[in-house]
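Q:
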Amino acid sequence: MTEQAPYRLYLREDQIPTQWYNLRADMPEKPEPLRLPDGRVAEAADLAPVFCDELVRQELDDAAPYFDIPDPVREMYRIYRPSPLCRAYNLERALGTPAKIYYKFEGNNTSGSHKLNSAIAQAYYAKAQDLDGITTETGAGQWGTALAEASAHFGLNLDVFMVKCSYEQKPFRRNIMETFGANVTPSPSNTTEIGRKMLSERPDSSGSLGTAISEAVERALNIPQNKGRYTLGSVLNQVALHQSVIGLESYAALRELGEYPDVVVGCAGGGSNLAGLIAPFMRDKLRGSRPDTRFVAVEPASCPSLTRGRFAYDFADTGRTCPMAKMYTLGNGFLPSPDHAGGLRYHGMSPIVSKLKHDGFLDAVAVKQTDVFAAAVEFARLETILPAPESAHAIYQAMEEARACKEANEEKTILFCLTGTGYFDMKAYDAYNKGVLGDYEPTDEELAVGFASIPRIEGL
Ligand SMILES: Cc1ncc(COP(=O)(O)O)c(C=O)c1O
1 MTEQAPYRLY
11 LREDQIPTQW
21 YNLRADMPEK
31 PEPLRLPDGR
41 VAEAADLAPV
51 FCDELVRQEL
61 DDAAPYFDIP
71 DPVREMYRIY
81 RPSPLCRAYN
91 LERALGTPAK
101 IYYKFEGNNT
111 SGSHKLNSAI
121 AQAYYAKAQD
131 LDGITTETGA
141 GQWGTALAEA
151 SAHFGLNLDV
161 FMVKCSYEQK
171 PFRRNIMETF
181 GANVTPSPSN
191 TTEIGRKMLS
201 ERPDSSGSLG
211 TAISEAVERA
221 LNIPQNKGRY
231 TLGSVLNQVA
241 LHQSVIGLES
251 YAALRELGEY
261 PDVVVGCAGG
271 GSNLAGLIAP
281 FMRDKLRGSR
291 PDTRFVAVEP
301 ASCPSLTRGR
311 FAYDFADTGR
321 TCPMAKMYTL
331 GNGFLPSPDH
341 AGGLRYHGMS
351 PIVSKLKHDG
361 FLDAVAVKQT
371 DVFAAAVEFA
381 RLETILPAPE
391 SAHAIYQAME
401 EARACKEANE
411 EKTILFCLTG
421 TGYFDMKAYD
431 AYNKGVLGDY
441 EPTDEELAVG
451 FASIPRIEGL
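Just so we're aligned: 230 in full-length UniProt numbering is position 230 of the sequence shown, and the numbers increase by one with no gaps anywhere.
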């Protein structure tokens with residue numbers, strides 16, 4: 001027993017990283033730059049009205065390998081970091097696999113997900129710039145919750161535009177955000193010009209992240225005296241940078257155990273936990289010291305940007321007011337099915353993750369919602385954590401990898417990120433338990449509607 005790795009390995013507080021790692025610095029080909037609607041490469045001055053100055057710097061820097069984590073951010077990380085690296089012994093036994101399954105548990109904080117890692121950083125930089133308030137969008141509500149906590153801590157006003165179907169399905173998430181002092185509006189709303197336009201075109205719209213982003217940006221630009229900025233919980237390079245704490249801690253913990261993963265698995269919505277988890281392991285692959293590590297992104301079959309999307313410049317938002325990113329995208333006009341309960345509903349994907357996939361460094365799979373919930377339930381019963389449906393995409397794939405090891409009798413080491421807990425997703429669990437949760441895969445014709453919204457830019 002004593003020779004076994006512990007169920008949960010906690011690093012010491014003084015092992016919390018002091019710097020974030022910027023994977024772009026080691027990428028042989030960098031992600032394409034952000035561009036403005038006229039095709040011009042976005043510069044710091046173009047982004048400064050929307051994002052905090054320091055976040056703009058982080059966003060645009062492809063070269064610096066490390067960024068110092070400011071003391072007040074690291075101080076707040078100490079409330080819940082280092083997060084535990086867990087060994088899924090019970091799951092391994094149940095699967096009868098020779099594989100070793102490790103998961104980094106990021107739901108072990110009061111916001112319930114990894115989103116707090118970037119929320120703290122973004123709120124801190126807003127306060128440091130002496131802003132009055134920040135705005136954002138949220139889908140399932142995890143990002144909004146994390147940002148509400150961080151904003152309360154640093155004393156900032158926060159306006160959250162919450163995708164309407166989640167606002168209605170998850171009132172408790174809204175209640176938490178409000179408890180932390182945030183102002184939450186269902187999107188599309190009639191409180192912004194872009195929201196009113198969306199509503200006039202589709203009065204019954206259940207909303208999308210793309211629309212909520214447009215509303216949040218508009219609101220930020222209208223905060224008086226240039227004292228407001230917009231924040232985004234995923235997709236952007238700066239968010240991937242902040243989330244590198246997940247990978248850096250996993251790397252250090254595995255090293256204490258004398259382990260190194262053969263396969264690294266992450267769920268992919270906008271790509272931030274995945275980019276953060278894989279960062280130091282991908283660095284080793286890119287530098288050639290660990291060329292054989294496999295990386296797998298897991299996305300829902302109902303919103304399959306990496307597996308069925310186009311690698312193209314597209315707008316980050318449906319209102320087409322934000323800069324364009326080169327990414328795998330289903331088109332800014334893509335509307336995911338409201339029946340899709342498992343999160344991960346964004347039309348695009350992190351430019352870093354997209355580029356790694358495009359250049360052959362990372363694989364992607366799309367999985368069915370009912371399979372994801374089956375994996376979530378099995379995991380919950382064995383490992384005693386109720387996973388967020390988003391996280392359960394990674395669980396499903398980690399189990400598939402472990403089953404393949406059983407078939408091949410290979411003792412591989414598998415690492416995945418358990419990004420959050422699912423205590424506010426009980427409607428979806430209830431539907432699954434009652435056997436009424438469905439599966440939905442868009443047809444090629446349905447995807448073509450979204451693709452038609454991707455801008456055509458000569459030469460790009
Ligand atoms: C618990 C949880 N996991 C994963 C994700 C996916 O986001 P990302 O791909 O940015 O990590 C979300 C996003 O909404 C989430 O709430």
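Where is the CB? At the ideal position from N, CA and C, for every residue including glycine.
Can we count LEU254 as close to ligand 1, meaning its CB is less than 8 Å from some heavy atom?
A: No.
Q: Report the three-state DSSP secondary structure of LEU9 (helix, strand or coil).
A: Strand, per DSSP.
Q: Roughly how far, in whole angstroms, is the beta-carbon of PRO84 from the beta-carbon of PHE105, given that I think they are within contact range, below 8 Å?
A: Right, the Cβ-Cβ distance comes to about 5 Å (below 8 Å), so this counts as a contact.
Q: Report the residue from ALA312, ALA182 and TYR167 whose alpha carbon sits nearest the alpha carbon of ALA152.
A: Taking only the C-alpha atoms, the option nearest ALA152 is ALA182.
Q: Check for me: the beta strand (DSSP E) holding THR97 runs from which residue to which?
A: Here THR97 belongs to no beta strand (DSSP E), and DSSP marks it neither H nor E.
Q: Would you tell me roughly how many angstroms separate the C-alpha atoms of ARG345 and GLU54, rounded to the nearest one?
A: Cα to Cα, the separation comes out at about 28 Å.
Q: Following a CB-centred definition, is CYS322 positioned closer than 8 Å to any heavy atom of ligand 1?
A: Not so, every heavy atom of ligand 1 lies at least 8 Å from the Cβ.
Q: So, under 8 Å CB-CB, ARG219 and THR138 are touching, yes? Tell me the CB distance rounded to an integer number of Å.
A: Not quite, the Cβ-Cβ distance comes to about 14 Å (not below 8 Å), so this is no contact.
Q: Does the structure place the region 39 to 54 close enough to the region 115 to 131 that three or more beta carbon pairs sit under 8 Å?
A: A contact exists between the region 115 to 131 and the region 39 to 54.
Q: Residues in the same chain with beta-carbon distance under 6 Å from residue 463, minus the five sequence neighbours each way, listed in chain order, please.
A: Given that the chain is displayed from residue 1 to residue 460, the structure contains no residue 463 and the question cannot be resolved.
Q: So, are the CB atoms of LEU415 and SER250 less than 9 Å apart?
A: Yes, they are a contact pair.
Q: Quick one, are the C-beta atoms of LEU330 and ALA297 less than 9 Å apart?
A: Contact flag unset, no.
Q: State the DSSP-derived secondary structure class of THR110, mapped to helix, strand or coil.
A: Three-state DSSP puts THR110 in coil, outside helix and strand.
Q: For VAL50, name the three-state secondary structure that DSSP assigns.
A: Coil.
Q: From the DSSP output, which residues share a beta bridge with GLU137?
A: DSSP lists PHE161 as partners of GLU137.
Q: Less than 6 Å between C-beta atoms, sequence neighbours within five positions excluded: which residues of the same chain meet that for ALA116?
A: A quick correction: the sequence has Leu, not Ala, at residue 116. Closer than 6 Å at the Cβ level, and outside the excluded window around LEU116, lie ASN109 and ALA146.
Q: Applying the 10 Å Cβ sphere with the 16-neighbour rule, what's the burial state of VAL235?
A: Its Cβ being crowded by 16 or more others within 10 Å, VAL235 is buried.
Q: Is any non-hydrogen atom of ligand 1 found closer than 8 Å to the C-beta of TRP20, if you look at the structure I gave you?
A: Answer for TRP20: no, Cβ out of range of ligand 1.
Q: If you compare alpha carbons, which of THR293, GLY207 and SER302 is closest to GLN169?
A: Comparing Cα positions, the closest option is GLY207.
Q: Buried or exposed for TYR432, please, with buried defined as at least 16 other CB atoms from any protein chain shown within 10 angstroms of its CB.
A: Classification of TYR432: buried, given that the 10 Å Cβ count is 16 or more.
Q: Going by C-alpha to C-alpha distance, which of LEU335, THR413 and ALA252 sits closest to ASP14?
A: Among LEU335, THR413 and ALA252, the Cα nearest to that of ASP14 belongs to ALA252.
Q: At the level of alpha carbons, what is the spacing between THR2 and ASP430?
A: Confidence is the limiting factor: at THR2 the pLDDT is only 46, short of 50, which leaves the residue's position unreliable, though a coordinate-based value still follows. The alpha-carbon atoms of THR2 and ASP430 are separated by roughly 40 Å.
Q: Report whether the distance from the Cβ of SER302 to the nearest heavy atom of ligand 1 is below 8 Å.
A: No, Cβ of SER302 sits at least 8 Å from all heavy atoms of ligand 1.
Q: Can you tell which of ALA45, LEU91 and ILE69 has the C-alpha that lies nearest to the C-alpha of ILE16?
A: The option with the nearest alpha carbon to ILE16 is ILE69.
Q: Closer than 8 Å to a non-hydrogen atom of ligand 1 - does that hold for the CB of ALA268?
A: Yes, ligand 1 has a heavy atom inside 8 Å of this Cβ.
Q: Would you call ALA408 buried or exposed, if buried means 16 or more other Cβ atoms sit within 10 Å of its Cβ?
A: So ALA408 ends up on the exposed side.
Q: With 16 other CB atoms within 10 Å as the buried threshold, where does ALA140 fall?
A: Counting Cβ neighbours within 10 Å, ALA140 comes out buried, since at least 16 surround it.
Q: Going by other Cβ atoms of all chains shown within 10 Å of its Cβ, with 16 needed for buried, is LYS285 buried or exposed?
A: With 16 or more Cβ atoms within 10 Å of its Cβ, LYS285 is classed as buried.
Q: Is there contact between the region 254 to 261 and the region 235 to 246, where contact requires at least three CB pairs shorter than 8 Å?
A: No, because fewer than three Cβ pairs between the region 254 to 261 and the region 235 to 246 fall closer than 8 Å, the two stretches do not touch.
Q: Among the residues of its own chain, which have a CB less than 6 Å from the CB of ARG8, if the five just before and after it don't count?
A: PRO84 and CYS86.
Q: Measuring only from the beta carbon, is ALA428 closer than 8 Å to any heavy atom that is part of ligand 1?
A: No; taking the cut-off as 8 Å, the Cβ of ALA428 has no heavy atom of ligand 1 nearer than that.
Q: For MET426, collect the residues of the same chain with a Cβ closer than 7 Å to its Cβ; drop the 5 residues on either side in sequence, then sort them by chain order.
A: Once the five neighbours on either side are set aside, MET426 has no close Cβ partner at all.
Q: Can you give me the Cβ contacts of GLY271 inside the same chain, cut-off strictly under 6 Å, excluding the 5 residues immediately before and after it?
A: If we look at GLY271 and ignore the five residues flanking it on each side, its Cβ neighbours are MET349, SER350 and VAL353.
Q: Any chance the CB of THR384 is under 8 Å from a heavy atom of ligand 1?
A: The answer is no for THR384.
Q: Among ARG174, CYS165, SER391 and SER166, which one has its Cα closest to the Cα of ALA148?
A: Per the Cα distances, ARG174.
Q: Excluding the 5 residues flanking HIS358 on each side, which residues of the same chain have their C-beta closer than 6 Å to its C-beta?
A: The answer, listed in chain order, is PHE311.
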